Amino acid sequence: MTGGVVVTGYGVFTAFGWGEKALRDGVFTGTQVFAPANRFDPTPFRTPMTAAAAGDPDLVDVLGGCADDAVDMAGLPPGTAGATLLGSAGDWKSVTRYSRGLDFSPGAGVPGVLAGAVADRVGFRGPRLAFTNACVASASALIHGWRLITAGRQDVALCAGAYLVEEENMAKFDSGRTLSKDGVIRPFSLDRTGLLLGDGVAAIVLESEEHALARGAQVLARMTGFGVASDAFHIAKPHPEGRGIASAVSQAFRRAGVSGVDYVNAHGTGTPANDGAETNGLRAALGTNTPISSTKSTTGHMLEASGAVEFVVSLLALLDGAVPPTAGYTTPDPACDLDYVTEGPRRLALHRVLSLNAAFGGMNTAILLEQP
Amino acid sequence: MITVAGAELTGALEPVPGFIESNFNPLVYRAAVEVLTGREFDGSRLAVVVCSLIGDATTTGLASRLLVDGQVHNAILFMQATANAVLGYLSREFDLTGPLLSMSTVDDDPRDTAELLLADPELDAVLLLTVELAADERTAAAYRLLGRTPPTTDGATALLLERDPQ
């Protein structure tokens, strides 16, 4: 089959470090690396725990490094006329530095400027957009890339997401009482008390299949469909029946002409409200037999970067035939009654996987990946 | 692509419940309401796109000042700090279950995004909202970096766009 959208490269950074090996060693073994934050004083907050890489890396540098890795893996030549689509709210540290009266980088706080900086770094000359719709931002970037390629407007799209743990969002999530009370994240478990923030940056090269084949690129997977739907329910809470999630999954299946998947990488934040609603939506769309896991249980919640990093996790699951586990799970919740892969990684022949995300405003995205 | 309705708002507006600390979200909401009210549409086939280069710098600045001053955050700031939260309020009122996007771009025309969305057979219309607040010291520096004059007033435009039937 030709005429689709394929994945030809990626770069990734999480609390486990740079690259796919770090991700495999951490996420796919169910390792939790949460520790008290040391980039700022976490004592005012409900919990000090975050999943952060060593040191205090610069967002622009990490994003640029992931973009370089993705373009190198794809083997794209300099000067490619591709789109650059970023999911990011900008570099919050520049805002904090301004508020403290320190030198700050005015452009780093502006998402559209960051998208342009990435495009300039890799030499892409096409559209440059930053999506800012919170936890579906980089999933929105990937979906926009799919749209541009499918409509014949671009052959290549570099789709990325970036968030590094900092104190502005730590404070906001603390005030919203969404951080885990006990400093542990346990998605779908009865004793879950909230989320923990984590570092995440990823960049993915999407490409038209014709373009990839014409230049002899290795096709890693196909992005065969997507769904995007809204709850029309609340400014922050998900619809309790998972209306938007179910609708997004159904839409993705309809676009791809399929009726099921072998694995779902859930949004799975570990908050009481999200996990129950997501379960209800998934049960309505998929039934009860599909393996599901929340890899935020290992990476933490990477906010705008969630969609891009979890796209890479889903891709590795597909390539490796391995479902990453939901770590931290202790106690079944009658409201969360699906197969959450809590016993550790599970070997499975995977043909098609689904990556889900949800955000404030009741937004939901579903992205389908298949074996090439 | 054709424009079937439009609106332009400037200055201070009545707050929207839950969005009281900044003019950004009231601009988004009230510009959208002006275009959507009294109009028949299928909310599952309408996409909403909020485009703002800088975003809600008023809320960002207030939350950051509270942080560095060591004060407890207001939970309302948590809710209203994301550009898309107000779209949850709007979508509930008009039963909008299609895509809700917010984005920032320096040079790209947001109408190109609307046109791309209208290439989707599952969508009939796009509500395109562009919003910028008057610059503060921090954002003025960003505008100057881009060689642009910092805006001095808060303003929003709304365009309801559909495919050209021709």
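Chains A and B, in that order, are what the protein sequence lines are.
Numbered per our numbering, the first sequence spans residues 1 to 372.
Numbered per our numbering, the second sequence spans residues 1 to 166.
Idealized CB from N, CA, C, for every residue including glycine.
A quick note: this is a predicted structure, and the numbers were derived from the prediction, not measured.
Coarse secondary structure for residue i, derived from DSSP in three states
i: residue 291 of chain A; result: strand
i: residue 236 of chain A; result: coil
i: residue 367 of chain A; result: strand
i: residue 357 of chain A; result: strand
i: residue 2 of chain A; result: Annotation note: pLDDT 48 at residue 2 of chain A (below 50); position unreliable, coordinate value reported separately. Looking at residue 2 of chain A - three-state DSSP - the assignment turns out to be coil, as it is neither helix nor strand.
i: residue 202 of chain A; result: strand
i: residue 207 of chain A; result: strand
i: residue 46 of chain A; result: coil
i: residue 88 of chain B; result: helix
i: residue 41 of chain B; result: coil
i: residue 131 of chain A; result: strand
i: residue 338 of chain A; result: coil
i: residue 72 of chain B; result: coil
i: residue 17 of chain A; result: strand
i: residue 103 of chain A; result: coil
i: residue 348 of chain A; result: coil
i: residue 372 of chain A; result: coil
i: residue 151 of chain B; result: coil
i: residue 40 of chain A; result: coil
i: residue 332 of chain A; result: strand
i: residue 197 of chain A; result: strand
Extent of the continuous beta strand (DSSP E) to which residue i belongs
i: residue 83 of chain A; result: 83-87
i: residue 13 of chain A; result: 5-14
i: residue 31 of chain B; result: Per DSSP, residue 31 of chain B belongs to no beta strand (DSSP E); it is in the alpha helix (DSSP H), 24-36.
i: residue 8 of chain B; result: 2-10
i: residue 101 of chain B; result: 100-104
Residue from the options with nearest C-alpha to residue i
i: residue 198 of chain A; options: A/103, A/321, A/164, A/66; result: A/164
i: residue 98 of chain B; options: B/111, B/80, B/81, B/120; result: B/120
i: residue 308 of chain A; options: A/349, A/372, A/366, A/156; result: A/366
i: residue 26 of chain B; options: B/118, B/130, B/141; result: B/130
i: residue 231 of chain A; options: A/240, A/237, A/222, A/244; result: A/244
i: residue 95 of chain A; options: B/127, B/156, B/56; result: B/56
i: residue 228 of chain A; options: A/263, A/125, A/142, A/168; result: A/142
i: residue 331 of chain A; options: A/16, A/270, A/296, A/284; result: A/270
i: residue 116 of chain A; options: A/104, A/48, A/109, A/129; result: A/129
i: residue 33 of chain B; options: B/137, B/82, B/126, B/158; result: B/158
i: residue 119 of chain A; options: A/354, A/202, A/79; result: A/79
i: residue 125 of chain A; options: A/113, A/92, A/276, A/81; result: A/81
i: residue 92 of chain A; options: B/123, B/143, B/81; result: B/81
i: residue 212 of chain A; options: A/77, A/361, A/135; result: A/77
i: residue 70 of chain B; options: A/42, A/66, A/62, A/51; result: A/42
i: residue 83 of chain A; options: A/90, A/89, A/71; result: A/71
i: residue 292 of chain A; options: A/305, A/301, A/356; result: A/356
i: residue 444 of chain A; options: A/99, A/47, A/57; result: Nothing can be reported for residue 444 of chain A: it is not among the residues displayed for chain A, which extend from 1 to 372.
i: residue 349 of chain A; options: A/369, A/358, A/322; result: A/322
i: residue 28 of chain A; options: A/132, A/299, A/354; result: A/299
i: residue 79 of chain B; options: A/315, A/59, A/171, A/62; result: A/171
i: residue 236 of chain A; options: A/362, A/313, A/327; result: A/362
i: residue 373 of chain A; options: B/77, B/163, B/137, B/54; result: Nothing can be reported for residue 373 of chain A: it is not among the residues displayed for chain A, which extend from 1 to 372.
i: residue 110 of chain A; options: B/110, B/109, B/103; result: B/103
i: residue 280 of chain A; options: A/262, A/254, A/311, A/247; result: A/247
First and last residue of the uninterrupted alpha helix (DSSP H) at residue i
i: residue 73 of chain A; result: 59-74
i: residue 228 of chain A; result: Here residue 228 of chain A belongs to no alpha helix (DSSP H); instead the beta strand (DSSP E) covers 221-230.
i: residue 76 of chain B; result: 75-80
i: residue 155 of chain B; result: Here residue 155 of chain B belongs to no alpha helix (DSSP H); instead the beta strand (DSSP E) covers 155-162.
i: residue 183 of chain B; result: Here chain B covers residues 1 to 166 and nothing more, so residue 183 of chain B does not appear.
i: residue 99 of chain A; result: 92-99
i: residue 315 of chain A; result: 306-320
i: residue 113 of chain A; result: 111-122
heavy atom of the ligand ADP below 7 angstroms from residue i C-beta
i: residue 63 of chain A; result: Of the ligands one can find in the structure shown there are none, so the ligand ADP has no counterpart to examine.
9 angstroms Cβ cut-off: residues of chain E touching residue i
i: residue 133 of chain A; result: Looking for chain E here will not work: the only protein chains present are A and B.
To test your reading of the DSSP string, which unbroken alpha helix (DSSP H) runs of 4 or more residues are found completely within the segment 112-149 of chain B? 137-145
Contacting positions in the segment 181-213 of chain A - beta carbon closer than 9 angstroms to chain B: none
Interface positions of the segment 110-126 of chain A facing chain B (Cβ-Cβ less than 8 angstroms), listed along the chain: 110, 111, 112, 113, 115, 116
Anything in the segment 99-110 of chain B with a Cβ closer than 8 angstroms to a Cβ of chain A? List those residues in chain order, please. 99, 100, 101, 102, 103, 104, 105, 106, 107, 108
Using a Cβ cut-off of 9 angstroms, which residues of the segment 33-45 of chain B contact any Cβ in chain A, in chain order? 43, 44
Got a sec: which bits of the segment 338-365 of chain A sit with their beta carbon under 7 angstroms from any beta carbon on chain B, in order along the chain? 359, 360, 361, 362, 363
Which complete beta strand (DSSP E) runs does the segment 251-295 of chain A hold, if anything under 3 residues is left out? 263-265
Short-range partners of chain B found in the segment 221-238 of chain A, where Cβ spacing is below 7 angstroms: 228, 229, 230, 232, 233, 234, 235, 236
Quick one, which residues of the segment 72-93 of chain B are near chain A if we go by CB-CB under 9 angstroms, in chain order? 72, 73, 74, 75, 76, 77, 78, 79, 80, 81, 82, 83, 84, 85, 86, 87, 88, 89, 90, 91, 92, 93
4-residue-minimum alpha helix (DSSP H) runs that sit fully inside the segment 135-190 of chain A, ordered along the chain: 137-150, 167-175
For the segment 131-148 of chain B, enumerate the residues whose C-beta is nearer than 9 angstroms to any C-beta of chain A, in chain order. 137, 138, 139, 140, 141, 142, 143, 144, 145, 146
Residues in the segment 1-29 of chain B having any Cβ partner in chain A nearer than 7 angstroms: 18
Got a sec: which bits of the segment 152-175 of chain A sit with their beta carbon under 8 angstroms from any beta carbon on chain B, in order along the chain? 153, 167, 168, 171, 172, 173, 174, 175
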